[in-house]
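Participant: Those protein sequence lines, which keep their order, are chains L and H.
Sequential numbering from 666 applies to the first sequence in the working numbering.
Sequential numbering from 575 applies to the second sequence in the working numbering.
Glycine included, each C-beta is placed from N, C-alpha and C at the ideal position.
A single structure is presented below for examination.
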Amino acid sequence: MGAKRRAKELLIHIFFLVVGASGIIVLTLILLFLIMEGLPVFDTVSVRAFLFGTMWYPTHYPPDFGILALIAGSASVVVLSSLLAIPLGIGSAIYLAEIAHPKVRAVIKPTIELIEGLPTVVIGFFGMIVVAPFLQETFGLTTGLNLFNASVMLAFMAVPTIASISEDAIYGVPAHMKEGSMALGATHWETIARVILPASLTGISTAVILGISRAIGETMVVLMVAGGAAIIPESIFDPVRPMPANIAAEMGNAPFRSDHYHALFAIGLVLFVFTFVFNMIAAHLAQKHKQVGAASL
Amino acid sequence: MEFSGTKRRKIVQHAAFTVIRAAVYINVCALIVFLAFIAVQGISAISWEFLTQAPRRSMTEGGIWPCIVGTVYLSIGSIAVAFPLGVGTAIYLNEYAGSGRWVRIVRMGIVNLAGVPSVVYGLFGLAFFVIWLKMGVSILAGSLTLGAFILPLVIGSSEEALRAVPQANREASLALGATRWQTIYRVVFPEALPGMITGLILGMSRAAGETAPIMFTAAVFFSREMPSSIFDEVMAMPYHIYVLATAGTEIEKTRPLQYGTALTLMALVLGMNLAAILIRNRLQKKRL
Numbered sequence: 666m667g668a669k670r671r672a673k674e675l676l677i678h679i680f681f682l683v684v685g686a687s688g689i690i691v692l693t694l695i696l697l698f699l700i701m702e703g704l705p706v707f708d709t710v711s712v713r714a715f716l717f718g719t720m721w722y723p724t725h726y727p728p729d730f731g732i733l734a735l736i737a738g739s740a741s742v743v744v745l746s747s748l749l750a751i752p753l754g755i756g757s758a759i760y761l762a763e764i765a766h767p768k769v770r771a772v773i774k775p776t777i778e779l780i781e782g783l784p785t786v787v788i789g790f791f792g793m794i795v796v797a798p799f800l801q802e803t804f805g806l807t808t809g810l811n812l813f814n815a816s817v818m819l820a821f822m823a824v825p826t827i828a829s830i831s832e833d834a835i836y837g838v839p840a841h842m843k844e845g846s847m848a849l850g851a852t853h854w855e856t857i858a859r860v861i862l863p864a865s866l867t868g869i870s871t872a873v874i875l876g877i878s879r880a881i882g883e884t885m886v887v888l889m890v891a892g893g894a895a896i897i898p899e900s901i902f903d904p905v906r907p908m909p910a911n912i913a914a915e916m917g918n919a920p921f922r923s924d925h926y927h928a929l930f931a932i933g934l935v936l937f938v939f940t941f942v943f944n945m946i947a948a949h950l951a952q953k954h955k956q957v958g959a960a961s962l
Numbered sequence: 575m576e577f578s579g580t581k582r583r584k585i586v587q588h589a590a591f592t593v594i595r596a597a598v599y600i601n602v603c604a605l606i607v608f609l610a611f612i613a614v615q616g617i618s619a620i621s622w623e624f625l626t627q628a629p630r631r632s633m634t635e636g637g638i639w640p641c642i643v644g645t646v647y648l649s650i651g652s653i654a655v656a657f658p659l660g661v662g663t664a665i666y667l668n669e670y671a672g673s674g675r676w677v678r679i680v681r682m683g684i685v686n687l688a689g690v691p692s693v694v695y696g697l698f699g700l701a702f703f704v705i706w707l708k709m710g711v712s713i714l715a716g717s718l719t720l721g722a723f724i725l726p727l728v729i730g731s732s733e734e735a736l737r738a739v740p741q742a743n744r745e746a747s748l749a750l751g752a753t754r755w756q757t758i759y760r761v762v763f764p765e766a767l768p769g770m771i772t773g774l775i776l777g778m779s780r781a782a783g784e785t786a787p788i789m790f791t792a793a794v795f796f797s798r799e800m801p802s803s804i805f806d807e808v809m810a811m812p813y814h815i816y817v818l819a820t821a822g823t824e825i826e827k828t829r830p831l832q833y834g835t836a837l838t839l840m841a842l843v844l845g846m847n848l849a850a851i852l853i854r855n856r857l858q859k860k861r862l
C-alpha cells in the first residue's frame, strides 16, 4: 500500500515537472521557428547587408532587404518615448508612494493597473484620429502620423508599467531608512532624492527596462501612427517604420516561403534578440537586489 | 543664515513636489481625455442593432455581432489553453520545485516569454500552428497563439495565489499524514483558487484586446458565415477596428462603426480588468 501510494505521488510529481516546462518549451519553439523561417533569407542577402542596408524594397525586382531604416525607426520611437515616459512614470511613482494621501493612493494605484490593460489598438486608433490631426494643424506638418505621435502614444502606454513597478520598489524601502534621514534634519524631498531613490534604484531600473522592452515590441500603436516610411528619420516629425509595424503590415502580402517571407521572420528574430537582451538585464538587476512585489519579477 | 538655508531647502522641496504633481496631472489628464473621447464618440454609435447584427454593404453599415462572437471564442479558447498549463506550472514552481538550476532556467524562460513582442507571437503562430501543424487560419490556431501569449501572466498570478496560502496549512496537513498531492489538492488549491480566478479573468481580458497575435493566425476582415467549428476563421473586434480605421475604402464613412467597436472592446476589456482587481482587493482585505 505504501509503495503504491509512493508510486502515485512520484507520477504526479513527474506530471507537474512536465507541465512546468511548458513555458520554456514555448520559448524554445518560438526561437526555433524564427530561426527556421528566418535564416533562409541569408541565402539571398548577407547578414551585413541585411542589418546595415538602408534600402527596404522587398517587392522590387531585384528586391532590397536592408533593415537599418527599420531598426532606426524602432530605436528612434523607443528613445523619444522613453524620454517622455521615464520622468512621468517615476514622478508618478514618487507621488504615489511618498506624497499622495493614502486615500488618493488607494484610488490611483488600481486605476494605473486598469490602464495597463487598455487594448493597444484603441490607443493607436486615438493617435490616428485625435493626436495626428492636432499635430498636423499645430505644427503645420504634411502628416501627423510620425515619429513624435508614435512616441507620445507609446509613452502613454509605458507610463503605467514604469509607474507601478517603480512604486512597488519605492514603497518597499524600509521605513527606518526614511526615518533615520528625517531625524537627521533632512527635508522630505532631500530624503526622497538622497535616500529613498538610491535605495530603490535597482527596482526603478527594472521598471524602466521593462517599460522600454514593451515599447520596442509594441506593434499596433506604431503600425497605426508612426507613418510607415522606411527612412532614417532626420526630424522628430518624420514618418518612420519600426520593425514590428513592418512585420504586421507586410506579412499578409508576403508569398509563403518567399524571400520576403523569410526576411520578415528574420526581422522577428532581430526583435526577439533585442527584447531578450533587455529582459535578461532586467531579470539580472531584479535578482541582484531583490525587491518586493512586481519588481521581483 | 541658518534660517535662510532652511527656507531655501523648503523652497527646493516645494518646487520638486510641484514638478512631481505636474507629472501626475499630465498622466491623469491624458487618461481622462482619452477615455472621455472614446466614450462620448462611441456611445452615439452603439445601439441594440449595432451589437446584435452583422455588418452590411461591405462593412459600411450594420453591426459587429460576428466580431463580438469571434473575440469571445478566442478569449475562451486561449484561457482554456493557458489556465491549465499556467496553474500546473505555478504548482510545480511553488509546491514541488526547490531552488535548483532547472528551476532557475524555467523561471528565466517565463520572464523572457513575457517579454516576447506580440507580433513575434503572431509569426510563431503562423509558422507553427497555421502552417506546420496544418491548422490553417482558424479559431484553434488563434487560441493556441493567444494562449502562449497570456501564459506568463497566468503563471504569475497563480504563483502569487499559491504563495499567499500560509505555510502552516501545508505543514498541518502533512503532519496529519496526508501526502504532498493530497495536501496540494485538498488544502492548498481550494485556498488559492479565488486568487487564480483573478489571473484567469486578466488573461481573458488581455487575449480579448490583442491584435498582433491573431492577425495571421485567426482573424479575417470579413466572413459571411458565423464560425461553426474551431477550424473556421473569425472576425474579431481588435482586428475590425484596425481594418476599418486603416484599410477600408471609406474610412470616413465608417467612423461611427470604428468608435462603436472601440468602445465595446474597451468596455469588455476594462470591465474584466475591474472585476479582477475588485476580487483581488477583497481577497487581500479578508487576509488582513
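By a C-beta neighbour count over all protein chains shown, 10 Å radius and 16 as the cutoff for buried, is Ile679 of chain H buried or exposed?
Facilitator: Your numbering for residue 679 of chain H matches position 105 in the second sequence. The residue is exposed, with fewer than 16 neighbouring Cβ atoms inside 10 Å.
Participant: Output needed in chain order: residues of the segment 779 to 806 of chain L with a Cβ under 9 angstroms from some Cβ in chain H.
Facilitator: Leu779, Ile780, Glu781, Gly782, Leu783, Pro784, Thr785, Val786, Val787, Ile788, Gly789, Phe790, Phe791, Met793, Ile794 and Val795
Participant: How would you call Glu784 of chain H, buried or exposed, if buried means at least 16 neighbouring beta carbons within 10 angstroms?
Facilitator: Against the second sequence, residue 784 of chain H aligns to sequence position 210. Buried is the call here.
Participant: Span of the alpha helix (DSSP H) holding Trp706 of chain H?
Facilitator: Looking up residue 706 of chain H in the second sequence gives position 132. Run containing Trp706 of chain H: none; DSSP gives neither H nor E here.
Participant: Any idea what DSSP makes of Gly583 of chain H, helix, strand or coil?
Facilitator: Looking up residue 583 of chain H in the second sequence gives position 9. A quick correction: the sequence has Arg, not Gly, at residue 583 of chain H. DSSP places Arg583 of chain H in helix when its eight states are reduced to three.
Participant: Run through DSSP, which three-state label would Leu962 of chain L get?
Facilitator: By one-based count along the first sequence, residue 962 of chain L stands at place 297. Legend: pLDDT at Leu962 of chain L = 37, less than 50; position of this residue unreliable, no value from coordinates given.
Participant: Name, going along the chain, the residues of the segment 741 to 757 of chain H whose beta-carbon falls closer than 7 angstroms to a beta-carbon of chain C.
Facilitator: In summary, chain C is missing from the structure at hand, where the protein chains are L and H.
Participant: Flag Glu899 of chain L as yes if its beta-carbon sits less than 8 angstroms from any beta-carbon of chain H, otherwise no.
Facilitator: Reading the first sequence from its first residue, position 234 is the one you call residue 899 of chain L. No, Glu899 of chain L does not count as interfacial toward chain H.
Participant: Considering only DSSP beta bridges, list what Pro629 of chain H is partnered with.
Facilitator: Counting from one through the second sequence, the residue named residue 629 of chain H turns up at place 55. DSSP lists H:Gly636 as partners of Pro629 of chain H.
Participant: At a CB-CB cut-off below 7 angstroms, which residues of chain L make contact with Phe591 of chain H?
Facilitator: Stepping through the second sequence from its first residue, residue 591 of chain H is reached at position 17. Within 7 angstroms Cβ-Cβ: Ile764 and Trp854.
Participant: Assuming contact is defined by CB atoms lying nearer than 8 angstroms, are Ile764 of chain L and Ile594 of chain H in contact in what I supplied?
Facilitator: As a first step, residue 764 of chain L is located in the first sequence; it is residue number 99 there, counting from the start. As a first step, residue 594 of chain H is located in the second sequence; it is residue number 20 there, counting from the start. Yes.
Participant: Strictly under 8 angstroms for the Cβ-Cβ distance: is Phe941 of chain L near chain H by that measure?
Facilitator: Counting from 1 along the first sequence, the entry for residue 941 of chain L is found at position 276. It does; some Cβ of chain H falls within 8 angstroms.
Participant: Between Ser735 of chain L and chain H, is there a C-beta pair that is closer than 8 angstroms?
Facilitator: Locating residue 735 of chain L in the first sequence gives position 70, where the first residue counts as 1. Looking at the sequence itself, residue 735 of chain L is Leu, so the reference to Ser does not match. Chain H, which has no Cβ nearer than 8 angstroms to the Cβ of Leu735 of chain L, makes this no.
Participant: Give a yes or no on whether the C-beta atoms belonging to His814 of chain H and Ile665 of chain H are separated by under 8 angstroms.
Facilitator: On the second sequence, residue 814 of chain H is found 240 positions in, with the first residue counted as 1. On the second sequence, residue 665 of chain H is found 91 positions in, with the first residue counted as 1. Not in contact: His814 of chain H and Ile665 of chain H (Cβ atoms no closer than 8 angstroms).
Participant: What would DSSP say about Phe796 of chain H, mapped onto helix, strand or coil?
Facilitator: Here residue 796 of chain H refers to the residue found at position 222 when the second sequence is read from its first residue. Annotated three-state conformation of Phe796 of chain H is coil, per DSSP.
Participant: Name the residues in the segment 634 to 667 of chain H whose C-beta lies less than 7 angstroms from a C-beta of chain L; which are they?
Facilitator: Leu659, Gly662, Thr663, Ile665, Tyr666 and Leu667
Participant: For Gln756 of chain H and Arg713 of chain L, I'd like the C-alpha separation in whole angstroms.
Facilitator: Position 182 of the second sequence, counted from the first residue, corresponds to residue 756 of chain H. Position 48 of the first sequence, counted from the first residue, corresponds to residue 713 of chain L. Between Gln756 of chain H and Arg713 of chain L, the C-alpha separation is close to 58 angstroms.
Participant: So, at 8 angstroms on beta carbons, what are the nonlocal neighbours of Ile788 of chain L in its own chain, with the 5 sequence-adjacent residues on each side left out?
Facilitator: Counting from one through the first sequence, the residue named residue 788 of chain L turns up at place 123. Once the five neighbours on either side are set aside, the close Cβ partners of Ile788 of chain L are Met818, Phe821, Met822, Met885 and Val886.
Participant: Can you check whether the C-beta of Pro909 of chain L is within less than 8 angstroms of a C-beta belonging to chain H?
Facilitator: What you label residue 909 of chain L is simply residue 244 of the first sequence in a count that begins at 1. By this cut-off, Pro909 of chain L is an interface position.
Participant: Any C-beta of chain L sitting closer than 8 angstroms to the C-beta of Pro629 of chain H?
Facilitator: Taking the first residue of the second sequence as position 1, residue 629 of chain H is located at position 55. No, because no Cβ of chain L sits closer than 8 angstroms to the Cβ of Pro629 of chain H.
Participant: Less than 8 angstroms between the beta carbons of Val710 of chain L and Leu812 of chain L, yes or no?
Facilitator: Taking the first sequence and counting its residues from 1, one reaches residue 710 of chain L at position 45. Taking the first sequence and counting its residues from 1, one reaches residue 812 of chain L at position 147. No, Cβ-Cβ distance for Val710 of chain L and Leu812 of chain L is not below 8 angstroms.
Participant: By how many angstroms is the C-alpha of Tyr647 of chain H removed from the C-alpha of Ala960 of chain L?
Facilitator: Within the first sequence, the letter at position 295 stands for residue 960 of chain L. Within the second sequence, the letter at position 73 stands for residue 647 of chain H. Summary for Ala960 of chain L: the model assigns pLDDT 41, below 50, so the residue's position carries little reliability, and this model does not support an answer.
Participant: Which parts of the segment 656 to 689 of chain H are runs of the alpha helix (DSSP H), unbroken and 4 residues or longer, counting only runs that do not cross its ends?
Facilitator: 675 to 689
Participant: Does DSSP classify Gly893 of chain L as helix, strand or coil?
Facilitator: As a position in the first sequence, residue 893 of chain L is number 228, starting the count at 1. In the structure shown, Gly893 of chain L sits in coil (DSSP, three-state: anything other than H, G, I, E or B).
Participant: Which of the three DSSP states is assigned to Val838 of chain L in this structure?
Facilitator: As a first step, residue 838 of chain L is located in the first sequence; it is residue number 173 there, counting from the start. Three-state result, Val838 of chain L: coil.
Participant: In the DSSP assignment, what are the bridge partners of Phe730 of chain L?
Facilitator: For the purposes of this step, residue 730 of chain L is taken as the residue at position 65 of the first sequence. Beta-bridge analysis with DSSP links Phe730 of chain L to L:Trp721.
Participant: Kindly list, in the order they appear in chain H, the residues whose Cβ is closer than 7 angstroms to that of His678 of chain L.
Facilitator: Reading the first sequence from its first residue, position 13 is the one you call residue 678 of chain L. In chain order: Tyr670.
Participant: Candidates L:Val938, L:Val860 and L:Ile751: which alpha carbon is nearest Gly845 of chain L's?
Facilitator: The sequence position of residue 845 of chain L within the first sequence is 180, counting from 1. Here the closest residue by C-alpha is L:Val860.
Participant: Please name the residue in H:Arg681, H:Pro768, H:Gly751 and H:Gly834 whose C-alpha comes closest to that of Val691 of chain L.
Facilitator: Looking up residue 691 of chain L in the first sequence gives position 26. If you compare the alpha carbons of H:Arg681, H:Pro768, H:Gly751 and H:Gly834 with that of Val691 of chain L, the shortest gap goes to H:Arg681.
Participant: Could you name the residues that DSSP lists as bridge partners for Val808 of chain H?
Facilitator: Position 234 of the second sequence, counted from the start, is the residue given in the question as residue 808 of chain H. For Val808 of chain H, which the question treats as bridged, DSSP gives the partners H:Ala793.
Participant: Between which two residues does the alpha helix (DSSP H) carrying Phe804 of chain L extend?
Facilitator: As a position in the first sequence, residue 804 of chain L is number 139, starting the count at 1. Segment Ala797 to Phe804, the alpha helix (DSSP H) holding Phe804 of chain L.
Participant: Which residue marks the beginning of the alpha helix (DSSP H) containing Thr856 of chain L, and which one marks its end?
Facilitator: For the purposes of this step, residue 856 of chain L is identified with residue 191 of the first sequence, where counting begins at 1. First-last of the alpha helix (DSSP H) with Thr856 of chain L: His853 to Thr856.
Participant: Alpha carbon to alpha carbon, what distance is there between Ala771 of chain L and Ala762 of chain L?
Facilitator: Here residue 762 of chain L is taken as the residue at index 97 of the first sequence, counted from 1. Here residue 771 of chain L is taken as the residue at index 106 of the first sequence, counted from 1. Each residue's alpha carbon lies about 11 angstroms from the other.
Participant: When you compare the CB of Ile689 of chain L with every CB in chain H, is at least one pair closer than 8 angstroms?
Facilitator: Looking up residue 689 of chain L in the first sequence gives position 24. Output row for Ile689 of chain L: interface = yes.
Participant: Could you tell me the boundaries of the alpha helix (DSSP H) in which Asn911 of chain L lies?
Facilitator: Here residue 911 of chain L refers to the residue found at position 246 when the first sequence is read from its first residue. Element bounds for Asn911 of chain L: Met908 to Glu915.
Participant: Any beta carbon of chain H sitting closer than 8 angstroms to that of Phe730 of chain L?
Facilitator: Position 65 of the first sequence, counted from the start, is the residue given in the question as residue 730 of chain L. So no, Phe730 of chain L is outside the interface.
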